[in-house]
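A.B. asks:
Protein chains: 2
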Amino acid sequence: MARHGILIVLSGPSGTGKGTICKELLAQNENLHYSISATTRSARPGEVNGVNYWFVAPDEFRTMVEQDELLEWAEVYGNCYGTPRRWVSDMLWSGHDVVLEIDTQGAMQIKKKFPQGVFVFIIPPSLKELEDRIVKRGADSPAVIAKRLGCVQGELGFATQYDYAVVNDEVATATAKIAAIIVAEKCRMERNSDLIEAIGKRGSID
Amino acid sequence: MARHGILIVLSGPSGTGKGTICKELLAQNENLHYSISATTRSARPGEVNGVNYWFVAPDEFRTMVEQDELLEWAEVYGNCYGTPRRWVSDMLWSGHDVVLEIDTQGAMQIKKKFPQGVFVFIIPPSLKELEDRIVKRGADSPAVIAKRLGCVQGELGFATQYDYAVVNDEVATATAKIAAIIVAEKCRMERNSDLIEAIGKRGSID
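Residue numbers (UniProt numbering), protein chains in the order written: chain A, 1 to 206; chain B, 1 to 206.
Here it is, written out as structure tokens:
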């Protein structure tokens, strides 16, 4: 009996290290695939359509939004980015797992459209640690850092809508926990009631 | 911040191998302890009170039942057996995890009294396999084997009340899945909302 894959949504405040955890998970798990976003932004040199992004024209993107073909979308600096529902569904249907790493607002959009996803909130061990990470990353100005940290309280407010909380005190430990969550979720009764039915009716799960 | 342990209830039809999985889990996991039953049966040579069982007098057992001190209990061949709530609570409170292996009726009793437990239904890969295992075990007469197999359909009917389904096609694989379930359950948001609160209020989870 072929089993469907699951969608794992890694989310949490900026600077919690969800990107690093996501890369580690993908490196360790052959059956796990990263969700490829659709974007209206132009491809940069070296970027490949269907690998880095699905590059689409603005009116094509608009059609996807109108036809509810995106699990979530957002506009950032004049470009649109979104998660195509079809690609995710096809992967899950063929038994692959899909992971995506996204901010809390995107995660909450996905939860509305795809509640059967597994929503993991990555927590920094402390706000001080979070600040250190954002500063160390060196990508943001002091004003942007202050703004990011100001958003954290609001983002923590979404946490209880997630299924799991994983503290990122160490990348290896946090990654192992999320790998365990994937294994456990595949065992959840609501994803396996067909097995129980099969053994009751046909005497075997095959 | 000290975290409480969790109670794992391994259950399923007779012959699914839950006993073997339970032993494997205990051997691999130092923080996991086997729930010690109270019994009115006399100690056999070599059995130690507080290790193999809590040996109690029948009127003491009756008092435990009356005062709701047992998470479940049953009478088997004139002797009573039960799971003391106090011992389990003390272990969980001090951060240890507790596992117990029990039939579906016992598991359903525990679920009523301790719904925060984690209930795992162990499935045999097939009814044929189940029959082979019970026959191979050599502990039962053909009449008892027929009766056990006749009960399986009824026991499968309880399955959907469990949190997880684990197929025991191979002991090592099934044990690894349950170990992952323990890790994942500790990450569930409802067990960690205090972490989110702590970081929001005090800036740290410690």
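All C-beta atoms in this analysis are idealised placements derived from N, C-alpha and C, irrespective of residue type, glycine included.
As the structure is a computational prediction, the values presented were derived from the model and not from experiment.
I think Leu71 of chain B touches Ile110 of chain B, with their Cβ atoms under 8 Å apart; what is that distance to the nearest whole Å?
C.D. replies: Reading the second sequence from its first residue, position 71 is the one you call residue 71 of chain B. Reading the second sequence from its first residue, position 110 is the one you call residue 110 of chain B. Correct: roughly 5 Å between the Cβ atoms.
A.B. asks: Helix, strand or coil, according to DSSP, for Met1 of chain A in the structure here?
C.D. replies: In the first sequence, residue 1 of chain A corresponds to position 1, counting from 1. For Met1 of chain A, the predicted model reports a pLDDT of 49, less than 50, meaning its position is unreliable and no value from the coordinates is stated.
A.B. asks: When the Cα atoms are used, what is the spatial distance from Asp194 of chain A to Ser204 of chain A?
C.D. replies: Here the question's residue 194 of chain A lines up with position 194 in the first sequence. Here the question's residue 204 of chain A lines up with position 204 in the first sequence. The alpha-carbon atoms of Asp194 of chain A and Ser204 of chain A are separated by roughly 11 Å.
A.B. asks: Pull up the CB-CB distance for Tyr77 of chain B and Val120 of chain B, whole angstroms please, since I reckon it's below 8 Å.
C.D. replies: To locate residue 77 of chain B, count along the second sequence from 1; it is residue 77. To locate residue 120 of chain B, count along the second sequence from 1; it is residue 120. The Cβ separation is near 27 Å, so there is no contact.
A.B. asks: Strictly by DSSP, which residues pair up with Leu7 of chain A?
C.D. replies: Working through the first sequence from its first residue, we reach residue 7 of chain A at position 7. The partner list for Leu7 of chain A (beta bridge, DSSP) reads A:Val98.
A.B. asks: Only counting runs of 3 or more residues, tell me where the beta strand (DSSP E) segments fall wholly within the region 91-150 of chain A, in order along the chain.
C.D. replies: DSSP runs (the beta strand (DSSP E)) wholly in the region 91-150 of chain A: 97-102 and 118-123.
A.B. asks: My guess is that Met108 of chain A and Gln161 of chain A are in contact by the Cβ rule of under 8 Å, so how many angstroms apart are they, rounded?
C.D. replies: Counting from one through the first sequence, the residue named residue 108 of chain A turns up at place 108. Counting from one through the first sequence, the residue named residue 161 of chain A turns up at place 161. Confirmed, Cβ separation roughly 7 Å.
A.B. asks: Under a Cβ-count criterion, where at least 16 other Cβ atoms within 10 Å of its own Cβ denotes burial, should Pro13 of chain A be classed as buried or exposed?
C.D. replies: Start at 1 with the first residue of the first sequence, and residue 13 of chain A comes out as number 13. It counts as buried.
A.B. asks: Anything in chain A within Cβ reach of Ile123 of chain B, meaning under 9 Å, just list it in chain order.
C.D. replies: In the second sequence, the residue the question calls residue 123 of chain B occupies position 123. What Ile123 of chain B touches in chain A: Asn192, Leu195, Ile196, Ile199 and Ile205.
A.B. asks: Are the region 91-106 of chain A and the region 26-35 of chain A touching by the rule of at least three beta carbon pairs closer than 8 Å?
C.D. replies: Because the criterion of three Cβ pairs below 8 Å is met, the region 91-106 of chain A and the region 26-35 of chain A touch.
A.B. asks: Would you verify that the beta carbon of Lys18 of chain B is, or is not, closer than 9 Å to some beta carbon of chain A?
C.D. replies: If you number the second sequence from 1, residue 18 of chain B lands on position 18. By this cut-off, Lys18 of chain B is not an interface position.
A.B. asks: Given Val56 of chain A, which residues of its chain have a CB within under 6 Å of its CB, disregarding the five upstream and five downstream residues?
C.D. replies: The residue given as residue 56 of chain A occupies position 56 in the first sequence. Excluding positions up to five away in sequence, the list reads Ala38.
A.B. asks: Output needed for Trp73 of chain B: all residues of its chain with C-beta closer than 7 Å, excluding positions within five of it in sequence on either side, in chain order.
C.D. replies: Indexing the second sequence from 1 puts residue 73 of chain B at position 73. So the qualifying residues of the chain are Val65, Cys80, Tyr81 and Gly82.
A.B. asks: Note down, in chain order, every chain B residue with its Cβ under 8 Å from the Cβ of Lys128 of chain A.
C.D. replies: Along the first sequence, read from residue 1 onward, the residue named residue 128 of chain A stands at position 128. Near Lys128 of chain A (Cβ distances below 8 Å), the residues of chain B are Gly203 and Ser204.
A.B. asks: For Pro124 of chain B, count neighbouring Cβ atoms within 10 angstroms of its own Cβ and tell me buried if that reaches 16, exposed if not.
C.D. replies: As a first step, residue 124 of chain B must be located in the second sequence, where it is residue number 124. Counting Cβ neighbours within 10 Å, Pro124 of chain B comes out buried, since at least 16 surround it.
A.B. asks: Against chain A, with Cβ distances strictly below 9 Å, would Ala57 of chain B count as a contact?
C.D. replies: As a first step, residue 57 of chain B must be located in the second sequence, where it is residue number 57. Ala57 of chain B does not count as touching chain A.
A.B. asks: Just verifying my parser: in three-state terms, what is the DSSP assignment at Thr40 of chain A?
C.D. replies: Residue mapping note: residue 40 of chain A aligns to position 40 of the first sequence, counting from 1. Correct three-state label for Thr40 of chain A: coil.
A.B. asks: Give a yes or no on whether the minimum CB-CB distance between Met108 of chain A and chain B is below 9 Å.
C.D. replies: As a first step, residue 108 of chain A must be located in the first sequence, where it is residue number 108. With 9 Å as the cut-off, Met108 of chain A does not count as an interface residue toward chain B.
A.B. asks: I want to see whether chain A comes within less than 9 Å of Ala176 of chain B, judged by CB atoms only; does it?
C.D. replies: The sequence position of residue 176 of chain B within the second sequence is 176, counting from 1. Yes, Ala176 of chain B lies at the interface with chain A (some Cβ there is under 9 Å from its Cβ).
A.B. asks: Which residues in the same chain have their Cβ closer than 8 Å to the Cβ of Met1 of chain B, if we skip the five residues on either side of it in sequence?
C.D. replies: Counted from its first residue, the second sequence places residue 1 of chain B at position 1. Any reading at Met1 of chain B is ruled out, since the residue's pLDDT is 49, under 50, leaving its predicted position unreliable.
A.B. asks: Looking at Trp87 of chain B and Ser35 of chain B, is the spacing between their C-beta atoms short of 9 Å?
C.D. replies: As a working mapping, residue 35 of chain B is identified with position 35 in the second sequence. As a working mapping, residue 87 of chain B is identified with position 87 in the second sequence. A contact, by the Cβ cut-off of 9 Å.
A.B. asks: Kindly say whether Gln116 of chain A, judged by its beta-carbon, lies nearer than 9 Å to any beta-carbon of chain B.
C.D. replies: For the purposes of this step, residue 116 of chain A is taken as the residue at position 116 of the first sequence. Gln116 of chain A does not count as touching chain B.
A.B. asks: Considering Gly82 of chain B, what are the terminal residues of the beta strand (DSSP E) in which it resides?
C.D. replies: Against the second sequence, residue 82 of chain B aligns to sequence position 82. Asn79 to Pro84 is the span of the beta strand (DSSP E), which, as asked, contains Gly82 of chain B.
A.B. asks: Does chain B have any CB closer than 9 Å to the CB of Ile181 of chain A?
C.D. replies: As a first step, residue 181 of chain A is located in the first sequence; it is residue number 181 there, counting from the start. So, interface residue.
A.B. asks: Per DSSP, what kind of secondary structure is Val48 of chain B in: helix, strand or coil?
C.D. replies: Within the second sequence, numbered from 1, the residue matching residue 48 of chain B stands at position 48. Val48 of chain B falls in the coil class under three-state DSSP.
A.B. asks: Does the beta carbon of residue 276 of chain B come closer than 9 Å to any beta carbon on chain A?
C.D. replies: This structure cannot speak to residue 276 of chain B, because chain B is shown only from 1 to 206.
A.B. asks: Does DSSP put Ala57 of chain A in a helix, in a strand, or in coil?
C.D. replies: Numbered from its first residue, the first sequence carries residue 57 of chain A at position 57. Here Ala57 of chain A sits in coil by DSSP.
A.B. asks: Considering Cα atoms alone, identify which of B:Ala172, B:Ser11 and B:Gly117 is closest to Phe158 of chain B.
C.D. replies: On the second sequence, position 158 is the one that residue 158 of chain B refers to. Closest option to Phe158 of chain B, Cα to Cα, is B:Ser11.
A.B. asks: So which residues on chain B does Leu156 of chain A lean against when the C-beta distance must stay under 9 Å?
C.D. replies: Counting from one through the first sequence, the residue named residue 156 of chain A turns up at place 156. Those within 9 Å of Leu156 of chain A in chain B are Ile196, Glu197, Ile199 and Gly200.
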